[in-house]
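Numbering-wise (my numbering), the sequence shown opens with residue 666 and increments by one.
Don't be surprised by glycine CBs; every beta carbon is placed ideally from N, CA and C.
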Amino acid sequence: MLAVPEERRVSAPRGLSSLSYLPATAAPIGLTEEGLPVGLQIIGPEGEDPTTIEFARLLAAEIGGFVPPPTYA
């Protein structure tokens, strides 16, 4: 998993895909310095739900997918 430095963390408005009726998939992309998970929302073109899911699968294959934080219970 990737460690995401503080200066690269971005807080984006939530729900953009639902407002536009576009398919979206959330994918884990790393951990903060504190060990908390960080995710990425993948938004695709209308009707292309399988595309966002496949991209999330490929991304997970490259960076290792979800790894529970050390304090996960």
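My assumption, with CB atoms under 8 angstroms, is that residue i sits in contact with residue j. Please give the rounded CB distance.
i: residue 692; j: residue 708; result: Contact doesn't hold; Cβ gap of about 12 angstroms is too wide.
i: residue 713; j: residue 686; result: Actually they are not in contact, since the Cβ atoms of residue 713 and residue 686 sit about 12 angstroms apart, beyond 8 angstroms.
Would you report the Cα separation of residue i and residue j, rounded to the nearest angstrom?
i: residue 730; j: residue 715; result: 18 angstroms
i: residue 722; j: residue 736; result: 25 angstroms
Is it right to say residue i is buried, meaning 16 or more other beta carbons lie within 10 angstroms of its own, or is it exposed?
i: residue 695; result: buried
Tell me which residue opens and which closes the beta strand (DSSP E) that residue i is part of.
i: residue 715; result: Taken as a continuous stretch (DSSP letters only), residue 715 belongs to no beta strand (DSSP E), being part of the alpha helix (DSSP H) at 714-728.
i: residue 703; result: 702-708
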